[in-house]
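Participant:
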Amino acid sequence: VIVSVLMLPLVKPLAKFVEKMIPEKEEEEVENKKRKTRFIDSRLLKMPVIAVQLAKEEVQRVGWITHEMVKKSSAGILNHDADAVKWVLKKETDIDSICWSLENFLEGIPGDKLNPVEQETLEHLKHHITDIERVGDHATNLAEFARKLDKKKIKITKFGRKELRTLFKRVLSNYEAALKAIASGNKKHINHVIKWEEEIDAMEKKFRRNHIDRLEQNICNPEAGTIFVVSLRNLERISDHASNIVLSLIN
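Take the sequence shown: its letters are residues 7 to 257, numbered as in the working numbering.
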């Protein structure tokens, strides 16, 4: 355990050192570019302790990419930002590639060569990457909803837009706290997610009820209303994945 703690500040320098010590062959360099990964390489599996720490760096990196995907999908829906939508949809294949590489890398790390704390970290990372990949899927859904709104020239009411803006803000904050919890294990971030998960669930239900009221009053376009409701659902699911991340850290 002491060795692991002492190594934590050295993770990024070690990444550069390993990169120099294990030069890539041309075909391996091409393969890494296809995988879109930055910190992991199959040759690191011979150094399990370092492999776990660098896998953690890669998990955090892909987590922040998906966070940006959610943020840009918000710009797509609320601000009709077509460039943001294109960025999200382009990143979808990158996320799939990175997560596939990470899952294989994590499965290849020999757990019997790790101490109990490192083994626990390894198991956490396996769970985290599943939730992070799902967040990317939901962000992609939201970007596709934004594209549909623009393509069909339909608008969500100002009331619905205000509610979506509020929920996007809360969900992004919650997911950010979950990603920070992966990095630090800080209880402040963990408690933030647990507290706001229930609030976000309540907000999603309240906003759906408000939508039904608007439909009954013929205030909103039914097609736009459908997109509004599924957007709420996707945002609530992102918050669920943030909760999964911190709960796995607690357990």
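Cβ coordinates follow ideal geometry from the N, Cα and C atoms, glycine included. Please read these numbers as outputs of a predicted model, since none were measured by experiment.
What residue from K92, S103 and D89 has the CA that sits closest to R258's CA?
Facilitator: Outside the shown range of the chain, which is 7 to 257, sits residue 258, and nothing can be said about it.
Participant: How about S48 and F111: do their beta carbons lie closer than 9 Å?
Facilitator: In contact: S48 and F111 (Cβ atoms closer than 9 Å).
Participant: P122 lies in the alpha helix (DSSP H); which residues open and close that run?
Facilitator: Element bounds for P122: P122 to K158.
Participant: Looking only at its own chain, which residues have a Cβ that is under 7 Å from the Cβ of D156, when we skip the five neighbours before and after it?
Facilitator: Here the set comprises H86 and A88.
Participant: Assign M53 to one of three DSSP states: helix, strand, or coil.
Facilitator: Three-state result, M53: coil.
Participant: Got a sec, what are the start and stop residues for the alpha helix (DSSP H) P228 sits in?
Facilitator: Unbroken alpha helix (DSSP H) run through P228: P228 to I256.
Participant: Using DSSP with H/G/I as helix, E/B as strand and the rest coil, what is G191?
Facilitator: It is coil, neither helix nor strand.
Participant: Indicate whether N197 and F165 have their beta-carbon atoms separated by less than 9 Å.
Facilitator: Result no, Cβ atoms of N197 and F165 do not sit closer than 9 Å.
Participant: Around the C-beta of Q223, are 16 or more other C-beta atoms found within 10 angstroms, so that it is buried, or is it exposed?
Facilitator: Burial call: exposed.
Participant: Quick check: the Cα distance between V76 and T163, rounded to an integer number of angstroms?
Facilitator: Approximately 21 Å, taken between the alpha carbons.
Participant: If you run the structure through DSSP and keep just helix, strand and coil, what is K97?
Facilitator: K97 falls in the helix class under three-state DSSP.
Participant: Report, in whole angstroms, the separation of the C-beta atoms of V236 and I206, which I expect to be a contact under 8 Å.
Facilitator: In fact, because the Cβ distance is near 16 Å, the residues do not count as touching under 8 Å.
Participant: Look at the alpha carbon of P116 and the alpha carbon of P122, and state the distance between them as a whole number of angstroms.
Facilitator: Using only the alpha carbons, I get a separation of about 13 Å.
Participant: Helix, strand or coil, according to DSSP, for Q223 in the structure here?
Facilitator: It is coil, neither helix nor strand.
Participant: How should L221 be labelled, buried or exposed, when 16 other C-beta atoms within 10 angstroms of its C-beta is the threshold for buried?
Facilitator: Exposed: under 16 other Cβ atoms inside 10 Å.
Participant: Suppose you measure from the CA of L128 to the CA of K52; what does that come to, to the nearest Å?
Facilitator: Cα-Cα distance, rounded: 15 Å.
Participant: Please state whether the Cβ-Cβ distance between A149 and G82 is less than 9 Å.
Facilitator: The answer is yes: Cβ separation under 9 Å.
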